[in-house]
Structures are given as structure tokens and as C-alpha cells.
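Below is one structure, written out as C-alpha cells; comments come after it.
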């Protein structure tokens, strides 16, 4: 263990150089033009993992392959840890808002800026390097390892559940470890007690059979952009509540213990506001910012396109308009029920003369865990040793739908140990990851495998 | 006169071929990448006009040049007719919705399909060919001619008013003839009694300093796309009335004679609905479709852009959103007042945490004329002779802001004689113009010059 930690420190320059090579591959799973790059990232990761001492396979799925690594040297009586992450990344657009090219990692102020540095290539790669350090040391670990990295997380993991179902014997584990989230603050590690789910839709409004002159036809022919704006405006009331009938019916009444835990965290709403750069925050009345982010559902417009959006003016009455609208869900909401409620709402609010088609992109269930238990305890010890401070428990507003599926199929609880920092620009321009956490985090993971071996 | 009409018939194949050459030049004034093409169209028109027998100059403006032609052979006592039109065209986008390329004219079912065929290259070119026919015949006309074609009509004619002010002696005329509109129906010519004005804006909403992850930040940080949708939704009430305070204050109470004239027209709202292909029409309660199109103001979204609009899903909380919003105005509304009212409205409805910047693209005053008078009478005789039926009086929903300016600066009334047909797809894909009207219209214009010479 001590030797493994030393190894990781000695090799850190090479680890960093390898990380940069990994980040240079534009593995954007959503865009078919990057399919070859996404596969290249899978192969690169597999080769690197193989050199770490694991048995590795690249397994095909209908779309992007899964990288599967195994090390079972701890024996049948030792616990098995399933490490899960993803090697695909979000699209990098808008490119002109990046300070340095998204696929050319650059370190500024101790942060590496690159698409995927935080979400999730940087974090999954820390596991690879922790495993290499452990196995290079005395060639052994106190736990068996199954390493699973997919290439479809950013498009809703369509192939992963069938994959896990199919390979459930081989993937059998006592605990699933996932590093795809952020610490609570700089120097303050955290463990997650919840994740929000997701239901992502596209609304396509149509009116006339073709674009029309806004002078010759305006005033008598429905405008699909206006209609879609009215529909979107109908989703919230003045208190920031979502007005879709039945939307809150399945939201759990969060226990006072959880809300007290959230209130106990060192968080300043005004600092948060300044950090995002808005002149004011908003959200659902009656809940704090952290509650709005973690334990309350949302409805957000992720994209809107209609008519002429180029330079200057065009007096067009568009014939169609499109909006991408997604809902973050909390326990026990389900995407398929939200779809039904949304369909009923659209029937109610869509103006005459406008046809709205509802497409579903992807969804995922929300997750929450009970505070306490031996795995959280093991992680707590490991994080405290690595960062010199006890981790806090926090929620997470984002979605990792596979967490619920692992629990359902493998009956293995999930341990969410993330090393990014708030403001990491995941899914946004200038995504970054702190190099200090890259190094400390490898140490924390080594300690975590060790602690899990004791339980 | 009879010889001139014969000349036009004999030369029609060449006229058509020249028209197609003119339409092939992509003179898109709004796009700087087409600046050279726009100039090429001006030069092409000037050369053609010169061959028709006019003295011609291409005069510079700050942006696109003006083509000015003169023929003053009728003498000082004869009336002077100012013919106004434009050689620039709207952008052709969306290109994939054209059945044939926008700048490669193609005749199908007796219609020539091309950007600018109706608006306005096809129609201004009919004047050129009518003038050529008259002057080729006996070398004379009963009226003096000033021919003015600008290249900035589709971007709001920023240079034209200064140009007319500067050259007002040279442009002095008794009547202004404009062919940039449509007949009421196939075989049924019309003369305009009104035009709507325009106030065109761009709204730019901003919230955070950068795009954010919709999971990590959604629910607590304002969404500019949602906010802009709410703002747009606030522009109309359920009766289709515009809710901006004071918006209707300056709208004239239309006289019963005008409304009766509109009601007398052969117009079927259900046929109109089928023509545009919408499942229902909409608009301001209490007014007929033609009234909504001609004598009532509107507020339309011409474009909307926010967030991710590409393939698939991106869970982004955008930091900015943009909408192009324009108002059609009726007498006596003024664009600058509408801007002030809109600013006040935005202050009232913009949610906290959202900053909205208001940009103005272009505007123009609405126009109306009194029914009756000698010029309308002259045009009525000319149209009836050419088309075999008496023209009707109608309004027009589109805007030709220069009409009001000609009346103000030159004290010359405008005569709006258009030859396109309803459904011509002006400003839309598959713009077309009927070849029959191209030929009959040249005859009508020859007769019009002749009739105006008698008044």
C-alpha cells in the first residue's frame, strides 16, 4: 500500500502525459461523425488498462463498445468491486467559447482544461492509474476488480442495460464504485446520497406547409415559434412550480434528516450566484438553492430553434419550430410517467392550428441511498486519509441512470466518489479538472480498494 | 401604342431569356458574402435599361448602389412618372426546401420558380421591357420617366431616404408607380389602398456567464430560453390581441367604406387555410382574415435560437437565447413609438436574473390612400384593358416603407400595381411568378404610361 502510493507519486508525470493523450481523442458519442474517434478512445483505454495488469476485452454493443477489465487475484472470499465510468464525452459546442481547444488539454492555474477532463475520462483514468500502482507494487489487491467503461453515457446509455443483463454473472460485484461527480468544495471531499433522474424530449411544432412572408400572412396564420414559446411558458407558474398536472405526485417527502444534512453544509448562495455570473438566482419557492439542485425536480429548455437566426433580419413567418426540453426527476418519479403527463399537458395547451410532435431522447431513474453502511464508511476513511478532512454527504443534480440499474440487476449498492470541483463546466465550454485532485484522488482510490478489502 | 404592344409580343422569348439571366444573379443584400453579386445585378440592370433607350447611371450609396434611368422626351408639360422597384432579394434559406435551385430559374406549370421572380426583380424588369417596347416603337412616350431601382429594400432601405432627399429635384414626379405586390387572384388584377409598416427587433437574453450543466445547475439558475419564451408568450392574450400597453393607441379607426370594400372581395377563408396548409387559422378576435392581414397590426417571432439544436440530446442549461421579433404596423402607428412601448413591456415582464438587450433591425411607416382619384382611375383603365376585368381595391400586409417617404419628400402619390399572385412564396422557398402575368403585365404597363399621359 505504501509502495503503491509511492509508485503513483513517482510516475505522476507519465500519468499526466497519458491522461492528455486520452483527452485528445474527441470521443463525442452523440455525433456520428465522431464514431471512429469514440472507438479509438475505447481501444486506447483498453490498451492502457491492459498495461496496468488487468485482463481486458473490448466488447461490441449496437453502437459504441464497452471496455471490460478484470482482475480476480484476491480470491473467492474477497469482495469484488465493480468500477464503472465512461470514455465518451459531450459535444464541445459552442467552440468559440473555449479559451483553448476542447481536445487539446492545457493546464492553467493547476487545472487541466479539456472536454472530458472532469466528465468522465479524467476520473475513470484515475482508477486505471490506481490499479496500475497497486498491481505494480506487489502485484496484488485485497479486492477483486471488474472495470467497466462504456461509450454511450452522454447519449443515455442505450446499450448498457442489455449489456449488464447479458453479462450479469461476470459483472457480479459486492459494491459499485463510480467517480463521475464533484467534491463538495476545494479540499472538501464528498460522498453522494442522491442523483436526479432525467426525461429528455424534443417538441416539434408545425403550422403551415411552408415558411411564409410575415407581412403577407402574419396575423392570420399561426406562428409555431410563438406557439412553442407559449407552451414552454405554460410549464412553470410564478412560484417556479411545474404546472403539469400530476408532476409532483410521485415526489418523495424528503425526510428531515436529509434536509438537515443539506442545511449543515458550508454553502453560501450569494457566492454560488456570483460563481455562475447571474444577476439573480431563481427556482421553486420554499426550497433552498441546494434543495432545488438536488432534491427537487426541474423542467429546462436545452435548445430552441425556429425561423431565421442568421445575420440581420428576415421577415419570415416560420412553418416549424423545435425545442429540446428536459426534466430532472427525483425519487420516485419515472420518465415514462412524466412523458404521459407531458402528453396530456400538451393536448391541453397547444393552440389551434399548431401540431406538436413529441420525441423522446433519453431518460433515467433518480437514485437515493440511505446514509450510513459499511461501504460509505470505507470510502469515508479513504477520503479523509487522502484529503486530510472527513468527507461530507451531498446530493447531486445530474443523472447517472445506470446507478439504479446496477442496484436492480446486480443487487450491488453504488458508492459515488467524485473528484471534480463545483464549476468544472461539465457539458459546457472550458471544462476543467484540478491536477491536484488527479494526484490525491489516485491515492484516495488506492486507499478505498484497501478499505473495501477489510469489510 | 399598338405597335409597342406588338413589339412586346414578338420579343417575348428574348424578354424571358433576359429575365432568367437577371434572376440568376444571387443579389442577396442582407449577406455580405453576396455584396459582389448585388453590385453585379445593379450593373446588369443598368446595361439592360440603357439598351431600352433611357439615360442611365449607377449611383453609389454607403452600401448597395442605386440604378437611375431617365427619359424626358415627353416635354415639360407632360406628367413625370417615377417608377420604383428593387433588384435585391431575400436570403434563399432554407435551401433544402426549394424544389429547384433558387438562382436557377425553372418554369413549371407556367410559373417561373426563382428567388426574386416575384419580389421584385421579375416585376421591375417588366417596366424595363415595357419602356423598351414603347421607345422601340416610335421612340416616344406621353410621359417623362424616372426609373429608380435600389439594392437595399430587403434590408430596410437604409440608404434610400437620404438618396431621395439628396436628389429630390431630379426625382421630382407627379406620380410614383410601384410593382412589388400581388394581384388579388388569378385573372383578377388589383390596386392597393394600404400597406402595413414594420418594426423589427432582436431580443438577446443572458443569464449566467457561460453555458452550464442542466443537471448540476438546473432548478436554481435562470434559463434564458425559458425566460424568452415567457416574454414572447406575454405579447398576446387569448383573443390574439397584443398586450403591450398602448400598442393600439395610434391604430386608426378604419372607416366603414374600407371594411365594406374588403368584405365585398371574393375571398374564401377556408380556401385560404387549405392553401397555407394549416389545420386552423388564428389571429385577433373580431376581425376577418383579410382585415387581420391588411388593416390590423401583428407581432410575429421570425427567429429563435438557444442552446443545443443539433442531432440528439445535450443536457445544457444555456447562458443566452435570441429571438427576432417583428411587428407589422397600421396607420398611424410609428416604429419608434412601438420600440418605446416594447422597452417598457420588457421591463415589466423580464424575470429576475435575466438581462434582455433590445436591438432594432429596421422599420418603416404604414401607408394608406384615399380610394378614387385620377391616377387610380388611369391604372384601373389600363388593367381592365390588359386583363379583361376591372381591378379590385385591396390592402397589403407587407411593408414597402419607401412609399410613405416618396409622398413625404416628393409630394407624389403612389400607385401600387402588382402582378404576382397570392401564394407566390415571396420570402419563402419556391418563390414563383406566372409567365402569363409577365407578358400581360408588360402590356398593362404600356397602357398605364399611356393613360397617365392623358391625365
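Chains as they are written, first to last, in this note's numbering: chain A, 1 to 455; chain B, 1001 to 1455. Ideal Cβ placement from N, Cα and C applies to all residues, glycine included. None of the values given here were measured: they were computed from a predicted structure.
In this structure, residue 46/A and residue 1304/B do not form a Cβ contact; the two beta carbons are roughly 44 Å apart against a cut-off of 8 Å. For residue 1167/B, no alpha helix (DSSP H) segment is defined, and its DSSP state is neither H nor E. Pairwise C-beta distances place the segment 1156-1169 of chain B out of contact with the segment 1428-1437 of chain B, as fewer than three of them are shorter than 8 Å. Straight across, the Cα-Cα distance linking residue 315/A with residue 1289/B is about 20 Å. In the three-state reduction of the DSSP assignment, residue 1126/B falls in the helix class. If you look at residue 1006/B, you'll find it in the alpha helix (DSSP H) that goes 1002-1010. Here the alpha carbon of residue 142/A sits roughly 6 Å from the alpha carbon of residue 74/A.
About 18 Å separates the beta carbon of residue 413/A from that of residue 197/A, a gap too long to meet the 8 Å contact definition.
Residue contact check for residue 1398/B against chain A: a CB pair falls below 8 Å. Between residue 237/A and residue 1222/B a beta carbon distance of about 15 Å is seen, past the 8 Å cut, so the two are scored as non-contacting. Rounded to whole angstroms, the separation of the alpha carbons of residue 300/A and residue 1218/B is 7 Å. The three-state reading of DSSP puts residue 298/A in strand, counting E and B together. Taking 8 Å as the CB threshold, residue 282/A lines the interface with chain B. Contact annotation: in the segment 1286-1308 of chain B, residues whose CB is within less than 7 Å of a CB in chain A are 1289, 1292, 1293, 1296, 1298, 1300, 1301, 1302, 1303, 1304, 1305, 1306, 1307 and 1308.
By the CB criterion at 8 Å, residue 195/A and residue 399/A fall inside the cutoff.
For residue 1241/B, no CB of chain A lies under 8 Å from its own CB, so it is not counted at the interface with that chain. With a cutoff of 8 Å on beta-carbon distance, residue 203/A and residue 344/A are scored as not near each other. Below 8 Å, too few C-beta pairs join the segment 30-38 of chain A and the segment 106-121 of chain A to call them touching: fewer than three. Residue 1405/B sits close to residue 1161/B, with the two beta carbons spaced by under 8 Å. For residue 1438/B, the enclosing alpha helix (DSSP H) stretches over residues 1435-1454. In terms of Cβ geometry, residue 418/A and residue 181/A form a close pair [threshold 8 Å]. Between residue 1350/B and chain A, the shortest Cβ-Cβ separation is not below 8 Å. Straight-line measurement puts the Cα of residue 327/A at about 37 Å from the Cα of residue 215/A. In terms of Cα proximity to residue 1083/B, the closest of 1096/B, 1095/B, 1067/B and 1094/B is 1067/B. Here residue 1429/B is not near residue 21/A, since their CB atoms are 8 Å or more apart. In the structure shown, residue 402/A falls within a helical segment according to DSSP collapsed to helix, strand and coil. Here the alpha carbon of residue 104/A sits roughly 28 Å from the alpha carbon of residue 60/A. In terms of beta-carbon proximity, residue 1055/B stays away from the interface with chain A, with every pair separated by 8 Å or more. With a threshold of 8 Å between beta carbons, residue 1130/B makes no contact with chain A. In this structure, 1395/B is the residue among 1232/B, 1368/B, 1239/B and 1395/B with its C-alpha nearest to the C-alpha of residue 1261/B.
A direct Cα-Cα distance of roughly 42 Å separates residue 242/A from residue 388/A. Between residue 1443/B and residue 1005/B, the beta carbon gap of about 6 Å places them in contact (Cβ cut-off 8 Å). For residue 1215/B, at least one C-beta of chain A is nearer than 8 Å to its own C-beta. Annotation for residue 1394/B: the continuous beta strand (DSSP E) segment containing it runs 1392-1396. Under the 10 Å beta carbon count, residue 1138/B is surrounded by fewer than 16 other beta carbons and is classified as exposed.
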